[in-house]
Structure formats: C-alpha cells, structure tokens
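Data first, discussion second: the structure below is written as structure tokens.
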Amino acid sequence: MILASADDHLSVGAAQGVGAELDREACRAAGIPVVQRPLGGGTVWVDRRHLNYFLVMPHGTGLRRPAQVLELLGPVLCAWHRYFGLDVRLVGHQDLWLGQRKLGGTGAATIGCSLVLGGSLLLDGDWRAFVGCIAVPSTGFRRELERALEESLGLWTHFLPRLPTRAELRQALLHALAAAGWNPRVEEGPNAAERLAMAGAELEAPDWQQPGRRRVAHGIKIKDRSFLTERHWSDGSFLRVWTEDGSYRRVLCSAWPEDCATALTGCGRDAALAALERCLDRDRAQLWRARLEATAVWTEG
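Residue numbers (full-length UniProt numbering): 1 to 301.
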C-alpha cells in the first residue's frame with residue numbers, strides 16, 4: 001500500500017495523441033509538465049492537493065485480471081470514505097460518487113507480475129489549470145468545461161469542515177483493508193530505484209507530433225456517462241453538447257433560438273427530433289438532429 005502526492009502535472013495515456021488532447025503552448029506557459037505513461041486510459045490531472053493511493057497485489061493472491069481487483073477492493077474504498085462521513089457509492093465500477101458528484105476515480109492494470117489498483121482522493125484544489133491546458137475548439141468550450149467540472153466533480157473540502165491528516169487517512173485505509181481480511185505492507189514512498197525511474201519519465205518529453213485522435217471525439221469526458229463536445233460547420237454554425245446519463249444536460253447552438261436549447265435540456269437521445277420540431281421547421285429540425293448525433297457522445301469507446 002502506497003499513499004503519495006505529486007506536484008501538479010498532466011498524465012496522458014499511452015494510446016493518446018498528446019497534441020490532439022493538450023494545448024502545448026498553454027502547458028508551457030503555465031509551467032505544467034506533461035508525462036505520457038506506458039499504460040492506457042485518458043488524460044489525468046494530478047494536483048498536489050490530491051492524495052494518490054496504490055494497492056499492489058503481487059503474484060500469488062489468486063487475482064488474475066484488473067477487473068477482479070476493482071470488484072474486490074471497490075467496497076473497501078467505499079468503507080474508507082465512509083469512515084470520514086462521506087457516503088460514497090461505486091459508479092461504473094471505477095468512480096466514487098457522493099450524490100451526483102464524482103469524488104474520486106480508480107483504475108487497475110497489470111504491471112509485471114503484479115496487479116495494481118491506483119486512485120486519487122480529491123481532497124482540495126480547482127480545475128482552472130487543467131482546463132487551461134486542454135486543446136479546445138473555442139474559448140466558450142473552455143468556459144463550459146470549467147463549469148461542467150465544477151458542477152460534476154466534488155472535493156472533500158466541499159463536504160467536510162476539516163480535512164483529515166495523511167496519518168488519519170492512512171490509518172482509516174488500513175482499518176478498511178483489515179476489515180476485509182487484508183494485512184498490507186505499507187510503503188512510505190518510492191525507493192531510490194523508483195525515484196530514478198520517475199525522474200527519467202519526467203525528463204522524457206512526450207511526442208507532441210505523434211499521430212492520434214482525441215480519446216473522446218470532438219471533446220472530453222467529464223465523468224462516467226458524461227461528455228462535453230463541440231463541432232463547427234462550414235456554414236459558420238457550431239453546436240456544443242453536454243450529455244449526462246443518457247440525456248442532454250446542456251446544449252448551445254449558434255443557429256437556434258434559446259427555446260430549442262431549453263426544449264432539449266433533460267431530453268433523451270431518442271426524443272431530440274420531437275423537441276427540435278417544437279421550435280424549428282421540419283427540415284431544419286432534421287438537419288440539426290443529424291448534427292446532434294454527429295456531435296454528442298454517450299459512452300466511452
């Protein structure tokens with residue numbers, strides 16, 4: 001078991017095109033380092049005010065697949081949060097939500113002969129530096145992204161009058177693991193060889209010219225089943241769509257009256273055409289229904 005924090009940086013998945021996901025000049029101007037990890041997944045913002053945790057399951061535990069680790073340890077992570085009065089639940093097998101806000105995320109992978117579960121506690125922080133580094137199609141998209149993150153992600157400081165100390169967090173996790181029958185060895189931090197490997201990774205600049213598409217076409221994932229996307233057309237119009245849990249959370253179009261966006265709010269995917277026909281003629285409604293389909297993202301992958 002390892003608990004650790006790190007200076008602010010961006011971690012990009014192995015299969016991602018760094019230049020497609022991030023604004024290189026913005027990262028440089030803000031002094032935000034970018035690391036491309038050898039594992040998959042999307043872009044991760046690592047904030048010095050978050051606490052990262054890693055549970056390493058060595059060979060011999062009987063676990064063979066990352067999904068097994070998530071299934072086994074998900075309840076332990078929920079118990080860890082509940083120790084501090086945060087009644088979280090698992091969403092999408094990987095995220096920890098309190099109400100409708102994501103309070104943390106996890107991931108699992110095979111590294112060498114071990115299975116590793118890693119995650120983060122969003123203790124404190126803000127999203128402005130992260131939002132400023134994302135490659136965006138417009139300044140309006142950047143503003144909406146910051147708004148979406150503020151509304152969708154939670155910090156422990158939102159819910160607790162006092163943040164627990166690192167020692168309190170460590171002890172609570174040990175207690176939750178012990179209750180589930182685990183007796184982990186605690187590592188206080190990386191050893192000399194691991195620190196050397198970390199320094200090497202930081203010095204190895206990502207390939208900004210690497211061909212690749214965005215992990216989420218035309219946008220970014222906000223949380224499980226929630227995406228913000230934007231497309232522009234040659235006629236000068238644009239469409240910005242925030243989907244959440246199978247419905248339109250918020251939509252903005254340069255070619256519509258405001259009541260169209262209002263009609264779509266909370267509307268399911270299959271009901272979009274009927275909603276548009278209440279404020280547009282049939283031909284325009286069908287055109288924009290097709291453009292909605294081309295823009296909106298509902299699931300990852």
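For each residue, glycine too, the CB sits at the ideal point set by N, CA and C.
Determine, using beta carbons only, whether Leu-122 and Leu-160 come nearer to each other than 8 angstroms.
In the sequence shown, residue 122 corresponds to position 122, counting from 1. In the sequence shown, residue 160 corresponds to position 160, counting from 1. No. Outside cutoff.
Excluding five sequence neighbours on each side, which residues of the same chain lie with their C-beta closer than 7 angstroms to the C-beta of Pro-137?
The residue given as residue 137 occupies position 137 in the sequence shown. Closer than 7 angstroms at Cβ, skipping near neighbours: Glu-230 and His-232.
To the nearest angstrom, report how far apart Gly-13 and Leu-96 are at their CA atoms.
What you label residue 13 is simply residue 13 of the sequence shown in a count that begins at 1. What you label residue 96 is simply residue 96 of the sequence shown in a count that begins at 1. If you take the alpha carbons of Gly-13 and Leu-96, they lie about 21 angstroms apart.
List the endpoints of the continuous beta strand (DSSP E) containing Val-251.
Your numbering for residue 251 matches position 251 in the sequence shown. Its beta strand (DSSP E) spans residues 247-253.
First and last residue of the alpha helix (DSSP H) that includes Gln-210?
Residue mapping note: residue 210 aligns to position 210 of the sequence shown, counting from 1. No alpha helix (DSSP H) holds Gln-210; DSSP gives it neither H nor E.
So what does DSSP say about Ser-234, is it helix, strand or coil?
Counting from 1 along the sequence shown, the entry for residue 234 is found at position 234. Of the three classes helix, strand and coil, the one that applies to Ser-234 here is coil, per DSSP.
Please state whether the Cβ-Cβ distance between Ala-263 and Cys-279 is less than 8 angstroms.
Here residue 263 corresponds to residue number 263 of the sequence shown, with the count starting at 1. Here residue 279 corresponds to residue number 279 of the sequence shown, with the count starting at 1. Cβ distance < 8 angstroms, so Ala-263 and Cys-279 count as in contact.
Apart from the five residues on each side of it in sequence, which residues of its chain come closer than 8 angstroms, Cβ to Cβ, to Gly-246?
Counted from its first residue, the sequence shown places residue 246 at position 246. Result list for Gly-246: Arg-225, Gly-268, Arg-269 and Trp-298, in chain order.
Return the residue from the list Gln-36, Trp-242 and Leu-39 that minimises the CA-CA distance to Phe-141.
Position 141 of the sequence shown, counted from the start, is the residue given in the question as residue 141. The shortest C-alpha separation from Phe-141 is found at Trp-242.
Let me check understanding here. Comparing Cα to Cα, which of His-81, Leu-276, Lys-221 and Glu-21 lies closest to Trp-256?
In the sequence shown, the residue the question calls residue 256 occupies position 256. Nearest option by C-alpha distance: Leu-276.
Could you compute how far the alpha carbon of Ala-67 sits from the alpha carbon of Ala-108?
Reading the sequence shown from its first residue, position 67 is the one you call residue 67. Reading the sequence shown from its first residue, position 108 is the one you call residue 108. So the alpha carbons of these two residues sit roughly 7 angstroms apart.
Could you give the residue range of the alpha helix (DSSP H) that holds Gln-36?
Taking the sequence shown and counting its residues from 1, one reaches residue 36 at position 36. That residue, Gln-36, is in no alpha helix (DSSP H); its beta strand (DSSP E) goes 34-36.
Count the other CB atoms within 10 Å of the CB of Gly-62; is the residue buried (16 or more) or exposed (fewer)?
In the sequence shown, counting from the first residue as 1, residue 62 sits at position 62. With fewer than 16 other Cβ atoms within 10 Å, it is exposed.
Relative to the C-alpha of Leu-252, which residue among Trp-288, Lys-223, Ser-5 and Lys-221 is closest?
Here residue 252 refers to the residue found at position 252 when the sequence shown is read from its first residue. Out of Trp-288, Lys-223, Ser-5 and Lys-221, Trp-288 has the C-alpha closest to the C-alpha of Leu-252.
Where Gln-100 and Leu-292 are concerned, what is the direct C-alpha to C-alpha distance, given to the nearest angstrom?
Taking the sequence shown and counting its residues from 1, one reaches residue 100 at position 100. Taking the sequence shown and counting its residues from 1, one reaches residue 292 at position 292. Spanning the two alpha carbons is a distance of roughly 25 angstroms.
What does the alpha-carbon distance come out to for the pair Leu-177 and Asn-183?
Residue numbering aside, residue 177 sits at position 177 when the sequence shown is read from its first letter. Residue numbering aside, residue 183 sits at position 183 when the sequence shown is read from its first letter. Whole-angstrom Cα-Cα distance: 7 angstroms.
As a quick exercise: from Glu-244, Phe-227, Leu-228 and Ser-254, pick the residue whose alpha carbon is nearest that of Gly-236.
Here residue 236 corresponds to residue number 236 of the sequence shown, with the count starting at 1. Here the closest residue by C-alpha is Ser-254.
Does DSSP put Asp-23 in a helix, in a strand, or in coil?
Residue numbering aside, residue 23 sits at position 23 when the sequence shown is read from its first letter. Three-state DSSP puts Asp-23 in coil, outside helix and strand.
Taking only the alpha-carbon atoms, compute the straight-line gap between Pro-206 and Val-46 and give it to the nearest angstrom.
Taking the first residue of the sequence shown as position 1, residue 206 is located at position 206. Taking the first residue of the sequence shown as position 1, residue 46 is located at position 46. Roughly 17 angstroms separates the two Cα atoms.
Taking the alpha-carbon positions, what's the Arg-36 to Met-57 distance?
Indexing the sequence shown from 1 puts residue 36 at position 36. Indexing the sequence shown from 1 puts residue 57 at position 57. Position check: residue 36 holds Gln in this sequence, whereas Arg was assumed. Their backbone Cα atoms lie some 24 angstroms apart in a straight line.
So what does Val-241 bridge to, in DSSP terms?
Residue mapping note: residue 241 aligns to position 241 of the sequence shown, counting from 1. Paired residues: Thr-229 and Val-251.
For Arg-101, does the three-state DSSP call read helix, strand or coil?
Taking the sequence shown and counting its residues from 1, the one referred to as residue 101 is at position 101. DSSP places Arg-101 in strand when its eight states are reduced to three.
Check Ala-275 in the structure and name its three-state DSSP category.
Position 275 of the sequence shown holds residue 275. Residue state, collapsed to three classes: helix.
Give the DSSP bridge partners of Met-57, in chain order.
On the sequence shown, residue 57 is found 57 positions in, with the first residue counted as 1. Its beta-bridge partners are Leu-115.
Thinking Gln-16 and Gly-212 are a contact (beta carbons under 8 angstroms), I'd like their distance in whole angstroms, please.
Counting from 1 along the sequence shown, the entry for residue 16 is found at position 16. Counting from 1 along the sequence shown, the entry for residue 212 is found at position 212. So it is a contact: roughly 6 angstroms between Cβ atoms.
If Ala-30 sits next to Ala-129, beta carbons under 8 angstroms apart, how far is it from one beta carbon to the other, in whole angstroms?
The sequence position of residue 30 within the sequence shown is 30, counting from 1. The sequence position of residue 129 within the sequence shown is 129, counting from 1. Right, their Cβ atoms sit about 6 angstroms apart.
Per DSSP, what are the beta-bridge partners of Leu-11 in this structure?
As a working mapping, residue 11 is identified with position 11 in the sequence shown. It is Ser, not Leu, that sits at residue 11 in the sequence shown. According to DSSP, which records beta bridges pairwise, Ser-11 is partnered with Val-35 and Val-44.
Measuring alpha carbon to alpha carbon, tell me which residue in Asp-283, Glu-300, Pro-38 and Ala-20 is nearest Cys-133.
For the purposes of this step, residue 133 is taken as residue 133 along the sequence shown, with counting starting at 1. Considering only alpha carbons, the answer is Ala-20.
Using the C-alpha atoms, what's the distance from Met-1 back to Leu-55?
Within the sequence shown, numbered from 1, the residue matching residue 55 stands at position 55. Within the sequence shown, numbered from 1, the residue matching residue 1 stands at position 1. In a straight line, the C-alpha of Leu-55 is about 5 angstroms away from that of Met-1.
Look at the Cβ atom of Ala-6, then the Cβ atom of Arg-48, and state whether they are nearer than 8 angstroms.
Working through the sequence shown from its first residue, we reach residue 6 at position 6. Working through the sequence shown from its first residue, we reach residue 48 at position 48. For Ala-6 and Arg-48, yes; Cβs fall inside 8 angstroms.
Determine the direct distance from the alpha carbon of Leu-155 to that of Ala-296, and round the result to whole angstroms.
Position 296 of the sequence shown, counting from 1, holds the residue named residue 296. Position 155 of the sequence shown, counting from 1, holds the residue named residue 155. Computed Cα separation, rounded: 27 angstroms.
Contact defined as beta carbons within less than 8 angstroms: I believe residue 313 pairs with Thr-106. What is the distance between those atoms, to the nearest angstrom?
For the chain, the structure presents residues 1 to 301; residue 313 sits outside this window and is missing.
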